[in-house]
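So the number in this note's numbering is just where the residue sits in the sequence shown, counting from 1, plus 139.
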Amino acid sequence: MEQYYQPEIECASQEQIRVWQDERLVDTVRRVYENVPYYREKMQAVGVTPEDIKSADDLHKLPFITKDDLRDAYPYGLLAKPLSDCVRIQSTSGTTGRRVVAFYTQHDIDLWEDCCARAIMAAGGTKDDVVQVCYGYGLFTGGPGLNGGSHKVGSLTLPMSSGNTDRQIQFMCDLGATILCCTPSYAAYLAESIHERGARGQIKLKAGIFGAEAWTEAMRQDIQDKLGIKAYDIYGLTEISGPGVSFECSAQTGMHINEDHFIAEIIDPNTGEVLPDGEKGELVFTSITKEAFPLIRYRTRDICVLSREKCPCGRTHVKMSKPMGRSDDMLIIKGVNVFPSQIESVLLSKGYPANYQIVVTRENNSDQLEVQVEMTQEMFSDTVGQIAGREKELVDAMKAMLGIYAKVRLVSPKAIARSEGKAVRVIDKRNLY
Ligand code: DLL
140 MEQYYQPEIE CASQEQIRVW QDERLVDTVR RVYENVPYYR EKMQAVGVTP
190 EDIKSADDLH KLPFITKDDL RDAYPYGLLA KPLSDCVRIQ STSGTTGRRV
240 VAFYTQHDID LWEDCCARAI MAAGGTKDDV VQVCYGYGLF TGGPGLNGGS
290 HKVGSLTLPM SSGNTDRQIQ FMCDLGATIL CCTPSYAAYL AESIHERGAR
340 GQIKLKAGIF GAEAWTEAMR QDIQDKLGIK AYDIYGLTEI SGPGVSFECS
390 AQTGMHINED HFIAEIIDPN TGEVLPDGEK GELVFTSITK EAFPLIRYRT
440 RDICVLSREK CPCGRTHVKM SKPMGRSDDM LIIKGVNVFP SQIESVLLSK
490 GYPANYQIVV TRENNSDQLE VQVEMTQEMF SDTVGQIAGR EKELVDAMKA
540 MLGIYAKVRL VSPKAIARSE GKAVRVIDKR NLY
């Protein structure tokens, strides 16, 4: 039977949802105009004042906000509350190396955890479940978000964080974990490892909540079959709080966006024009309940489709499709956001020419990142030992910048094919979308 964490909200009428959205948008716009000079100036630049925003119908009058704005305003420029009211930050990588830092008041964390609790209960979670959270803890939002949601549901929470597969499987078996939360690629890897160890008979898993990166229906089927579970998608982004912006229900046909907290729009990524429900375009979010770090018309760069078709689960909130691609060049590797510009800035800072290629593959369900870099003529005459030393230096610098391991391969000058148009920087062989 379908169960809900906040049934009166999750199954509210569309009219009721609209009333919440209208009131909360008007309030948010007024708050940011009064408290955030960055927003006030952006609104003044297009001649809009809070009085022009009377309901969600007026949303389109407001300017977009992008990752570049977050970079310009880094670190405190978009704060809508005094720092003394904030209790937490979470962070992710941004373009050209500047990190995105999102701030939370205790109230913001509370609402975020509610969203994650909705996702856990939609996946069948109850207070009798044992929820194993193997998303990373720390600056990444995955671990803290699902951890908080699991507490709210009242489940026994195993705050495993990522990695150490032997220990994950041991706890899963010994403590009888019933719900697994991690990236889909780690879920697939865990599934394989469980089979290799002959431990399939000892696990009690019934559901998984997998997100933070793109995954296909074929991958879902594979994980479900191997683990004997139902696998649910969950979506979110650090800028808009983290996991739980939207989540899948038993219908497994898209993710319900928590519309009492976020207004979603789909726009044409080239013109910025708002597109009707059902058309494919870039997802834009406006947070309407956030205190510390409200974002208005934030361009996610994720391409997807919204659907208002009645859902058999009883929830009334709009559903988004799985993201079908990005309108920028961000890659998600092992759940970590990586921009080619970050890699380029490492290379340039170490004296390499900007002739490089990024090759992403997936081997045994694990993403592999290789950066092929051309040496200068002078470097090319180095000894083999010196070249190995250079590669090691770049691996360390990439790790420091990206937070993940990238294999570095130095190649001879002119080895990377030149393009007549745009340079082909990224070869992604994973076919995820
Ligand atoms: O990935 C938050 C999260 C944690 C979501 C755990 C789900 C589970 P960021 O690191 O800021 O936040 O990355 C956000 O990841 O704009 C999408 O491009 C991508 N993404 C997130 N969830 C999904 C998903 C977290 N279910 C970026 N499917 C987003 C496809 C996803 N892509």
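We treat Cβ as the ideally placed atom computed from N, Cα and C, and that holds for glycine. All of these numbers come straight from a predicted model, not from anything done at the bench.
For residue i versus residue j, is the C-beta distance shorter than 8 Å?
i, j, result
"V187", "L164", "no"
"D253", "K220", "no"
"E387", "A261", "yes"
"N397", "R257", "yes"
"L549", "I566", "no"
"D247", "E378", "no"
"V563", "A545", "no"
"I156", "H456", "yes"
"L414", "I402", "no"
"R237", "S230", "no"
"I362", "A326", "yes"
"M514", "P479", "no"
"D161", "A195", "yes"
Quick one: what does DSSP say residue i is sitting in, helix, strand or coil?
i, result
"A195", "helix"
"T244", "strand"
"M311", "helix"
"A338", "coil"
"Y544", "coil"
"S301", "coil"
"S446", "strand"
Are there 16 or more other CB atoms within 10 angstroms of the CB of residue i, so buried, or fewer, so exposed?
i, result
"E404", "buried"
"G464", "exposed"
"V226", "exposed"
"G287", "buried"
"A370", "buried"
"G281", "buried"
"A357", "exposed"
"Y215", "exposed"
"V185", "exposed"
For the alpha helix (DSSP H) containing residue i, name the first residue and the last one.
i, result
"F279", "First-last for F279: undefined, no H or E at that position."
"K365", "356-366"
"G524", "523-541"
"D211", "206-211"
Locate the beta strand (DSSP E) running through residue i, then write down its first and last residues.
i, result
"F432", "Where F432 is concerned, there is no enclosing beta strand (DSSP E), given that its DSSP letter is neither H nor E."
"K181", "Here K181 belongs to no beta strand (DSSP E); instead the alpha helix (DSSP H) covers 176-184."
"C443", "437-443"
"T231", "225-231"
"Q516", "Per DSSP, Q516 belongs to no beta strand (DSSP E); it is in the alpha helix (DSSP H), 516-519."
"S505", "505-513"
"P298", "295-298"
Looking at chain C, is there any beta carbon in it that lies within less than 8 Å of the beta carbon of residue i?
i, result
"I405", "Here there is only one protein chain, and chain C is not present."
Pop quiz: residue i and residue j are said to be a contact at Cβ under 8 Å. What is the actual Cβ separation, rounded to whole angstroms?
i, j, result
"I204", "V168", "Not confirmed; about 13 Å, so no contact."
"V270", "S300", "Going by Cβ atoms, the distance from V270 to S300 rounds to 14 Å, so no, they are not a contact pair."
"A351", "G474", "4 Å"
"L209", "L222", "Actually they do not touch by this definition, with Cβ atoms about 17 Å apart."
"I555", "Q507", "At roughly 19 Å, the Cβ-Cβ gap does not stay under 8 Å, so I555 and Q507 are not in contact."
"L297", "C255", "Not a contact, Cβ separation roughly 15 Å."
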